[in-house]
Every structure is written in C-alpha cells, then in structure tokens.
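First the structure, in the form of structure tokens, and then the observations on it.
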Amino acid sequence: MKIHAVSVCLAVAWTVCTPYAKAGDASSVNVLGFSGDGSIFAFEEHGVQDGSGFPYANRFYIDTASDSFVSPSPIRIRLDDETASITAAREQARLAGEAIVSDAELAENSGYLAGFNAITELSADPFRIVVNPRPVFPPIDAPLEFRLEEISFAASDTCAGLDDTTKGFRLVAIDSQPGGATRLLHEDSSVPGSRGCPIGYRIGGVQTFMPHQGASALAVLISVESFGFEGPDHHWMAVTMRSAN
C-alpha cells in the first residue's frame with residue numbers, strides 16, 4: 671500500500687507541475703547522410719513552431735570542404751495550418767532537396783554517428799566531445815576531439831529588448847597526438863539573423879564518413895538555444911570538415 675501511495679503522489683506531482691512548464695520549440699534532428707564522394711553533408715530538423723503551432727521542416731546541405739551551404743539550401747518549409755502534419759512539411763522539404771542530392775544516395779552513404787548528446791542529456795560535457803571516428807576495435811584511428819567556446823556579442827536591434835548580449839561560438843578540433851596542432855573549424859565574427867537571439871550552444875554529435883577510397887569527411891552537430899515565444903527554442907546547425915587525402 672505504501673508503494674501504491676508513493677506512485678499516486680508522483681503521478682499527481684507530475685500532473686500538477688507539467689502544465690506550468692515552459693515549452694519552447696525543441697526541433698528534432700535527423701542526419702540524412704553524405705553524397706557518394708563525401709563532398710556534401712545533409713541533415714534535417716523538424717517540429718512545431720513555438721507560438722503559432724505550425725509544423726515546419728528545414729533541410730541543410732553543406733559543402734564539407736568549405737563548410738558553406740549548397741544552393742538552394744537551406745530549405746525551409748512551414749505549413750501555416752495548425753491541422754497540417756510535420757510529415758507533410760518534411761515531404762515538401764525532401765522533394766526540394768532532391769534537386770541537390772537524392773535521399774537514396776544520402777542513405778547509401780550515411781556514415782557513422784560516432785557520438786551524440788541530446789538536448790535533454792545532463793551528464794555530458796556540452797563544450798567537449800571525444801570519439802573514435804568509426805566502430806573498429808581495437809581502434810586503428812586517432813580519437814577525434816572537438817571543443818566549443820561561446821563568444822559574447824552586443825545584442826542586435828532585434829535582440830536588444832531581450833538581453834544586452836547575444837551568443838556566438840568558436841569550434842576547434844584538437845589533435846592530441848605528439849606534435850599535433852589545434853585546428854580552427856568555425857569562429858563567429860557576428861551572429862547571423864537566421865539563428866534568432868542565441869543564448870547558448872552545445873556540441874550535439876559527430877557524424878563521420880570514411881570511405882574505403884577517397885577523402886573522409888565529418889560534421890559536428892551543434893545545438894543552438896535561443897529566446898523563444900513560450901520558452902527557449904532549440905535548433906540545429908552543423909560545422910563540417912574534410913580530410914586532405
């Protein structure tokens with residue numbers, strides 16, 4: 671009976687507390703894969719827009735060598751209808767993305783999710799991740815290490831009413847081997863308007879592509895936390911790099 675009473679109390683506490691929780695827009699992320707030669711990395715995010723309730727789906731196709739978008743990416747679809755489904759928005763985004771590289775090719779070259787930390791993960795270091803690039807044991811590759819550092823900027827006119835500062839970031843790759851060098855992968859000089867009003871970043875994951883022949887590539891997934899309508903929003907971006915060989 672005591673156990674039953676505790677269960678009831680927990681259930682009541684959950685019911686009472688959850689309506690008052692702040693529920694921002696926490697988008698789901700899905701890695702689509704790489705082009706066959708590793709020159710393009712693609713991923714999507716989707717969810718329901720905070721405030722409006724409209725479903726959306728965004729696709730990003732990135733040149734892995736230059737870490738720049740492949741036109742016409744980013745592809746952003748929002749269905750301005752609360753009764754529409756996320757699935758419908760994702761399908762429209764998929765059809766638009768087929769002009770860049772087909773989903774079939776991406777699926778054939780998905781690579782390997784070497785590490786991942788969801789935005790709900792509490793025990794992981796949000797600013798550092800170390801992974802083996804592929805599931806070979808004992809490892810035949812040096813570990814990959816990435817570190818993120820947040821950078822403060824004066825808030826733009828759009829964000830000034832929310833806070834005095836807004837956040838950018840710097841991402842570096844650490845070579846821990848003797849004589850290894852630190853490589854700067856990304857450093858904001860300002861905060862793009864497409865990120866909204868960011869208040870924080872965390873390393874979300876590492877996706878690697880290591881073909882039997884040709885250059886390898888990888889993408890570091892970054893979770894972007896920003897001011898939202900009903901609570902903090904969480905969206906995704908990626909920083910890519912490609913090996914010289």
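Just so you know, we're using the working numbering here: the sequence shown kicks off at 671 and counts up by one.
The beta carbon of each residue, even a glycine, is placed where N, CA and C say it ideally should be.
These figures come from a predicted structure and were not determined experimentally.
For this session: Could you check if Ile-810 is buried or exposed, using at least 16 other CB atoms within 10 Å of its CB as the buried criterion?
Result: exposed
Exercise. Measuring from the CB of Asp-903, is there a heavy atom of the ligand ZN at a distance below 6 angstroms?
Worked result: Absence of the ligand ZN is noted for the structure shown, with no ligands found whatsoever.
Problem set entry | Rounded Cβ spacing between Gly-838 and Gly-781 (contact assumed at less than 8 angstroms) | The pair is not a contact, with the Cβ atoms about 27 angstroms apart (cut-off 8 angstroms).
Exercise. Grouping DSSP H, G and I as helix and E and B as strand, with all else coil, what is Gln-762?
Worked result: helix
Problem set entry | the stretch 713-727 touching the stretch 744-760, judged by at least three CB pairs closer than 8 angstroms | yes
Exercise. If you drop the 5 nearest sequence neighbours on each side, which residues of the same chain put their C-beta closer than 6 angstroms to that of Cys-867?
Worked result: Cys-829, Leu-832, Thr-836, Ser-896 and Phe-897
For this session: Check Leu-776 in the structure and name its three-state DSSP category.
Result: The DSSP-derived three-state label of Leu-776 is helix.
For this session: Reducing DSSP to helix, strand and coil, say where Ile-869 ends up.
Result: Residue state, collapsed to three classes: strand.
For this session: Please name the residue in Val-718, Tyr-871, Phe-797 and Leu-855 whose C-alpha comes closest to that of Thr-757.
Result: Val-718
Problem set entry | Contact set for Gly-694: own chain, Cβ-Cβ below 8 angstroms, skip 5 residues either direction | Asp-720, Gly-898, Phe-899, Glu-900, Gly-901, Pro-902, Asp-903 and His-904
For this session: Select from Thr-734, Ala-851 and Ser-722 the residue whose C-alpha is nearest the C-alpha of Met-911.
Result: When each option's Cα is compared against that of Met-911, the closest is Thr-734.
Exercise. So, Arg-804 versus Met-880, is the Cβ gap smaller than 7 angstroms?
Worked result: Result yes, Cβ atoms of Arg-804 and Met-880 sit closer than 7 angstroms.
Problem set entry | Length at least 3, wholly inside the stretch 818-878: the beta strand (DSSP E) runs in chain order | Whole beta strand (DSSP E) segments, 3+ residues: 835-844 and 852-857.
Problem set entry | Nearest-angstrom Cβ-Cβ length linking Pro-784 and Val-771, presumed shorter than 8 angstroms | Just to set this straight, residue 784 is Ala in the shown sequence, not Pro. About 22 angstroms; that fails the 8 angstroms criterion.
For this session: Less than 8 angstroms between the CB atoms is what I'm expecting for Glu-715 and Ser-697, so what's the real figure, rounded?
Result: 4 angstroms
Exercise. In three-state DSSP terms, what is Val-678?
Worked result: Residue placement at Val-678 is poorly supported in this model, since its pLDDT is 41, which falls under 50; the coordinates still yield a value, given next. Reduced to three states, the DSSP call for Val-678 is helix.
For this session: Would you please state the rounded distance, in angstroms, between the beta carbons of Phe-816 and Val-894? I believe it to be under 8 angstroms.
Result: 16 angstroms between Cβ atoms; not a contact.
For this session: Could you give the DSSP three-state label for Gly-767: helix, strand or coil?
Result: helix
Exercise. Roughly how far, in whole angstroms, is the beta-carbon of Phe-711 from the beta-carbon of Ala-889, given that I think they are within contact range, below 8 angstroms?
Worked result: Indeed they touch by this definition, with Cβ atoms about 5 angstroms apart.
Problem set entry | Cβ-based neighbour list, Val-701, same chain, cut-off 6 angstroms, excluding 5 preceding and 5 following | If you ignore the 5 residues before and after Val-701, its C-beta comes within less than 6 angstroms of the C-beta of Phe-713 and Gln-877, all in its own chain and listed in chain order.
Exercise. Is it true that the CB of Phe-797 sits closer than 7 angstroms to the CB of Leu-818?
Worked result: Closer than 7 angstroms, so yes.
For this session: Decide if Val-806 is buried, meaning its Cβ has at least 16 other Cβ atoms within 10 Å, or exposed.
Result: exposed
For this session: Measuring alpha carbon to alpha carbon, tell me which of Glu-768, Leu-891 and Pro-808 ends up nearest Gly-874.
Result: Leu-891
Exercise. Measuring CB to CB, does Asp-858 end up less than 7 angstroms from Ile-799?
Worked result: Not a contact, by the Cβ cut-off of 7 angstroms.
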